[in-house]
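Chains as they are written, first to last, in our numbering: chain A, 1 to 220; chain B, 1001 to 1333; chain C, 2001 to 2211; chain D, 3001 to 3442; chain E, 4001 to 4191. Quick notes on the structure that follows.
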Amino acid sequence: MKSATTAQYDLIRGIWRENPVLIHLLGLCPALAVTNTVANSLAMGLATFFVLMGSSLLVSTFKRFIPHEVRISAYILIIATFVTIADLVLAAVVPEIHKALGAFIALIVVNCMILGRQEAFASKRPVSRAALDATGTGIGFLIAMLMMGSVRELLGNGTLLGYSVFGAGFEPWIIMILPPGGFLTLGVFLLAMGWWRGRTEGAQARVRRWPHGVATRRAA
Amino acid sequence: MSDPRFELTASPHLKGGATTRRIMWSVTGSLVPIVAAAAYFFGLSALLVIAAATAGAVLTERVFGTPGSLGDGSAAITGVLLGLCLPAGMPMWMAFLGGAFGIGFGKLIFGGLGQNVFNPALLGRAFLQAAFPTAITTWPAAGGSFTQLRGDNFALPLMRASSDAVTEATPLGLMKFEATSTPVGDLFMGSTAGSVGETAALLILLGGAYLAIKRYLDWRIPVAIFVTVAALSGILTAIDSTYPGPLFMLFSGGLMLGAVYMATDPVTSPVTRRGAWIFGVGVGALVVVIRVWGGLPEGVMYAILLMNAMVPFINQATQPRVFGRSGDGMVTA
Amino acid sequence: MTIRGAPAWRLVTTLAAAGGMAGLLIVVVFEWAEPRIEAHRAAVLAAAIDNVLASPAHYDTLYVVDGALRETPPEGVLERDLERVFLGYDESDVPVGFAVTGGEPGYQDIIQLIFGYDPGSGEVVGMEVLESKETPGLGDKIEKDAEFVAEFDGVQTPLVGVKQGAGQGDPSEVDMITGATISSRTVIAIINNRLEELGPLLDTYPATVKR
Amino acid sequence: MILRSGFRHGVHPADSKHLTENVPIRRMGFPTEVVLPLRQHAGKPARVLVARGDKVERGDKIAAADGFISAPVHASATGTVAGVELWPHPDGSMAEVVRVTVERYSPQIPRPRLVPRWEGLSPEEVVKAVQEAGVVGLGGAAFPTHVKLSPPPDADVELLIVNGAECEPYLTTDHRTMAEYPERVHFGTRVMMQCLGVDRAVIGVEKNKPDAIDVLTATIPDDLDITILPLTVKYPQGAEKMLIKAITGREVPSGKLPMHVGVIVQNAGSIATIAEVFETGLPLVERIVTVTGPGVKRPSNLVVPVGSKLRDVLDFCGGLTDDVTEVLFGGPMMGAPQTDLDVPIIKGTTGVVVLTRAETERHPVYPCIHCGRCLDACPVFLNPQLLGSLAQVGRYEEMEASHLADCMVCGACSYVCPSNIPLSQMFSLGKAALQKMATKVA
Amino acid sequence: MSDLFWILISAMVVNNFTLALFLGLCPFMGVSARVATALRMGAANIFVMVITSLTAWVLNTFVLTYAPYLRLISFIVVIASLVQIVEMTIKKLSPTLFRELGIFLPLITTNCAILGLAIFQTNRGYGLLEGLAFAVGAGLGLALALVLMASIRQQTELSDLPGLARNMGLVLIVAASLSMAFMGFAGLLSS
């Protein structure tokens, strides 16, 4: 590929401009399911980071040996291996968190973000660039997870990483740690970004497109 | 050549019937007796809760809505309706938050009046139910003096309510968890525990009848709901008499308020007449299912919200048969 | 920059190699992790049994096979496929009660719990929720509300759930949690149903009858 | 055949006919100039036969039919052709007209019969005579009558419906015609029945014209099977398909003509005109027009020479009040607004309605609240709510898929819309846009 | 029997895969613009779920007892290959059916809902019939969520949306509302 991206760009791209969760809406399943506390978000983010990094390195290293026809299967095989490892390690080292994340660790396998980076980047670039890209994307994912996790834990439990923020009298918004809260938090993030983009790129005038020539007066 | 005296507008040049504004404000007006009844049964607290919810809805509409959209009255209706389906002892900040949520995420995000999918008042209530399950299921008993507060209405924002009010189980709660029925007469007059506005079945029916006669609401929806609920619960009682009977089902909980004022919101109910029947039957069936087999004692709010979600689909599925065409749109003969 | 148009044998060997490598890696990690996971699982179970039977000196694992309790699992059946109960003993090797697990659908999903049962007195002597997804702050009081959990220490079976404060002082009454009636009832139902199934077995188990 | 009385949906606007319903038809004097557009009928415009300076007499053919679906135009007054030129047309465009300066003090005398006597003519000759007389439907659409009189041989027409519904508010043209000239209505019916070879006719009259119903019933000829059918008052009963549905219970298939269900519909005014041309021997040179509305000082039913300018007609009725805002050709539901008082009254002008500020006050538009009133109003069972939202985002193809073509722009949906959304206007624009697209493709 | 029914209902509405467990979000966001497409996607999903459930049961019962740590890899590989084979079979046997459903099959294969189904089924120790009930319930639930979302989106397309809601934010808010509405089913058929 003769793209003109610099190493620096490869690193920072995934963090914000092409944030996998907030921009591309990839990997939503873990981003919504396990972000009810900061600790869970962190664990999930790190596990995903580990899998992404491992598979990117491996795929990039062995890209010459993987025939085009079976590349997806090979990628999935590699990813699944790392996920299984992550699963086992978490279960052995931090069983409490492993229990909280439940099946969602295994589901990292089908996180489109990871497969997407292999297909779009690692399989075409040198190992060093692949590592940078994986770092950027992984951090971007982690940031998104932590944003979700902090908002949801803060409002849903009144705590951050388990430490009380609002004091004892706080009435937690339980919805935030329930499923609707996940959708809601991400939805609000996306709305905020839509609002921000509208501000910076000049909001399209919010005019209803009445057909040309229809004389109307909107309710004042 | 053309004469400046004359306007050039498209036909038709006559205008008949109600206006959206009049419909909305009539609905609001018909809620006044219900609010009064709420104040009679639950005292000052009821008014505080209703006022807080209305303030939340109206302020949100004012700040984020299209300029001047307050005038159509729909935000006020949302606020009052939300207030009517909350318990009287609820902290005012929660009611306010519910109103703001309902209007913000239930209506303005879709583009304002007429374009929302879910009933904003009920969405606000569903939010409160999911966020503050304890506060919203703490039912103060009806009666007592007007000035006596029924709970911690003045809890500081974000802070827990200190609960020392006299609470009582709702008729539905009694039925669900203790298999005790409440006399239908009490339900009809409203002297039972429950949300501030849903206890007075009589007044709600009168308001609904007024609106139906004025054709400001589609009578098919409440009728379909009542008939479905009565029929299903009748069948269930016939099979096993421990199930609650039709009269109890009809007059307990939020069914009256929901069927008359929430399910009939034209924006979030089907536009076709056949759709209205389907919608009503669906709400009725879901109410019975949730009340009888669900984990919650009350299901009207969820039943209506679920059917709201179905409305776009129902609308598509019940397009009218065009004149001179068979049902599938083909030209007849 | 992957290879295109590779011959079939290349495809197969690549996948086989990748599969082999993956298998190898996983096995290595598994060998390392397995004992730790098992140890943790055992520790959790032991702690739970410890909790519901008020710290027995030691306990036996019994297997329910063909409607009888046996001390050893039958040949050829995996241990995890069998239904197990645990019998605890005090320092002087006197049985103090059984720890029984059970699960049923609660408000959100299945509630899994373990409870201690003393066949001698017919009382439940402890209860601990192992797994639940009940509503935080409401339904999850079944595990977090110490008052509720404490009610299961010394209550006559079959249990009867009553509204808080509405009880008549009957020894089989359990005060349910206000606002989380479904979850509370499920806990009670699980215990009652399990005892209905296993009660006769437990009541007639030789080790306890001997006492 | 079942005679029923009703169609589903529709609206009930206040009929406002009290202004003129009891005012006898008067004759308006000849104006100083008449303006005769070559396009006064549906179909191809007529071919002009005269040139500037030509002398014409009342009843002279000044333009000939150009093809089968076309009709000739006759001079409505004796005078001199002042020009063949472009002139404001009631449809809002500029159209070719023949302008005739009326000879002052001309007796405008009856001339030797231009239309042959009816007795003894074969159906084909009657059709020919009707075409030559320039008779078109006077109900508004101005479809050439002779076309309706000659159905294709395979069509099995068994019933003639005379449309006396006149469902548009304010208008009383047909009402007065039926009440004052019942014989003409019956005679015209006889001519049509004979031409079409049908032996049954139904005259459908809305119940708000009891005098017309009584007079018509009293004068039915003994030898004809004519039924006078009172209809409940509802708009748009006068629409062909609605009337057929209301009277026979049959639905005309979408895109097809009434003759597919064995029916021909003719407007009562046109029927009377057929009778009139055979009676007087003069072609169609004048018509009955209701000039009414709160903006007219002296609301009247007038016999007006075709081509009279709006200004002259209004002056004859005492002029306009001060708060006039709109002048319409046709009724208030479907009528076309006029801004130029020089437009001529043409054959298809059923009435002139002048509205004042009170009736035309503009209402603010609110968003659609999905109340479903438009669905209840639409006589052809469309979903105006859906069509309207599609129109607002310009999705004309999807409107077509939702059967926009079946919309007859009756305006019932706009009339009932509580949010004042200009539905029918958007539909006519949508139709125009689709037509444009279709011609572009073709 | 009632157990199977509970499993089905629970997977369908109480713990709806999409709205309560966040599984299958990719099609929920991606293939929910048109009702017709959503219906076909939903049907294809039910189909694949049933295959998955059967596969997982076979693997769990006969193969993985001896090597549980290979569960993830074998699930992924076997399910993907099976779906591929089914896809080719359908293509051969019924081109019409393939046109209707086939194009969705590859999309579904690498979908969290499918793998999630297999894993949940394993974790909960479901037998063959229970697994099938679970698969059908989950599939119906996914289809329901998908169709609801699609019909709502088709309506909001015609709306005068505020600028900030023109991206997927609105879809997520709708999903949150649906999720809240589905909370009404909590505790259904329990006790």
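Just so you know, even glycine gets a beta-carbon here, dropped at the ideal spot from N, CA and C.
For residue i, collect the residues of the same chain with a Cβ closer than 7 Å to its Cβ; drop the 5 residues on either side in sequence, then sort them by chain order.
i, result
"LEU154 of chain A", "LEU160, VAL165"
"ILE3244 of chain D", "ILE3161, ARG3250, VAL3252, PRO3258, VAL3261, VAL3263, VAL3265"
"LEU1081 of chain B", "ALA1121, TYR1261, MET1262"
"PHE1132 of chain B", "MET1094"
"MET4183 of chain E", "none"
"LEU57 of chain A", "VAL127, ALA130, ALA131"
"LEU112 of chain A", "Per the sequence shown, residue 112 of chain A should be read as Cys rather than Leu. Result list for CYS112 of chain A: LEU26, GLY27, in chain order."
"GLY3134 of chain D", "ALA3071, PRO3072, VAL3073, HIS3074, PRO3283, LEU3284"
Give the secondary structure of residue i by DSSP, where H, G and I count as helix, E and B as strand, and everything else as coil.
i, result
"SER3308 of chain D", "strand"
"SER1233 of chain B", "helix"
"ARG2211 of chain C", "Legend: pLDDT at ARG2211 of chain C = 48, less than 50; position of this residue unreliable, value from coordinates given subsequently. Reduced to three states, the DSSP call for ARG2211 of chain C is coil."
"LYS3209 of chain D", "coil"
"ALA220 of chain A", "Residue confidence is low: ALA220 of chain A scores 35 on pLDDT, short of 50, so the model does not pin down where it sits. Its coordinate-derived value is still stated next. Three-state DSSP puts ALA220 of chain A in coil, outside helix and strand."
"SER4094 of chain E", "coil"
"TYR3415 of chain D", "helix"
"GLY1324 of chain B", "coil"
"LYS99 of chain A", "helix"
"ASP1240 of chain B", "coil"
"ARG13 of chain A", "helix"
"TYR2089 of chain C", "strand"
Mind checking residue i: buried by the 16 CB within 10 Å criterion, or exposed?
i, result
"PRO3152 of chain D", "exposed"
"ALA1088 of chain B", "buried"
"ALA1259 of chain B", "buried"
"LEU3086 of chain D", "exposed"
"GLU3286 of chain D", "buried"
"LYS3207 of chain D", "exposed"
"LEU3328 of chain D", "buried"
"ASP3376 of chain D", "buried"
"ARG2096 of chain C", "As written in the sequence, residue 2096 of chain C is Val, which differs from the Arg given in the question. Buried."
"GLN3435 of chain D", "exposed"
"TRP173 of chain A", "buried"
"GLY3197 of chain D", "exposed"
Which residues in the same chain as residue i place their Cβ atom closer than 8 Å to its Cβ, once the five residues preceding and following it in sequence are excluded?
i, result
"LEU90 of chain A", "ALA43, ALA47, ILE97, HIS98, LEU101, ILE105"
"GLY3318 of chain D", "VAL3296, LYS3297, ARG3298"
"PHE1118 of chain B", "GLY1106, THR1268, LEU1305, ASN1308, ALA1309"
"PHE1042 of chain B", "ALA1088, PRO1140, ALA1142, ARG1150, VAL1196"
"ARG206 of chain A", "Residue placement at ARG206 of chain A cannot be trusted, given a pLDDT of 46 that sits under 50; the coordinates are not used to answer."
"LEU1108 of chain B", "THR1060, GLU1061, PHE1064, GLY1065"
Between which residues of its own chain and residue i is the CB-CB distance below 6 Å, once the five residues before and five after are set aside?
i, result
"MET4012 of chain E", "GLY4137, LEU4140, GLY4141"
"PRO3045 of chain D", "LEU3038, ARG3039"
"ASP3211 of chain D", "ALA3179"
"SER3428 of chain D", "VAL3409"
Am I right that residue i and residue j are in contact with their C-beta atoms under 8 Å? What's the rounded C-beta distance?
i, j, result
"PRO3013 of chain D", "TYR3396 of chain D", "The Cβ separation is near 29 Å, so there is no contact."
"GLU3276 of chain D", "ARG3190 of chain D", "No, GLU3276 of chain D and ARG3190 of chain D are not in contact; Cβ-Cβ is about 14 Å, not under 8 Å."
"VAL3100 of chain D", "ALA3077 of chain D", "6 Å"
### Query
For the segment 177-190 of chain A, which residues have a CB atom closer than 9 Å to at least one CB atom of chain B, in sequence order?
LEU178, PRO180, GLY181, LEU184, GLY187, VAL188
### Message
Counting only Cβ-Cβ distances shorter than 7 Å, please list the residues of the segment 2015-2031 of chain C near chain A, keeping chain order.
### Response
Those residues of the segment 2015-2031 of chain C that come within reach of chain A (Cβ to Cβ, closer than 7 Å) are LEU2015, ALA2018, GLY2019, ALA2022, LEU2025, ILE2026, VAL2029, PHE2030.
### Residues from the segment 1270-1303 of chain B in contact with chain E, defined by Cβ distance under 8 Å
LEU1286, VAL1289, ILE1290, TRP1293, GLY1294, GLY1295, LEU1296, GLY1299, MET1301, TYR1302, ALA1303
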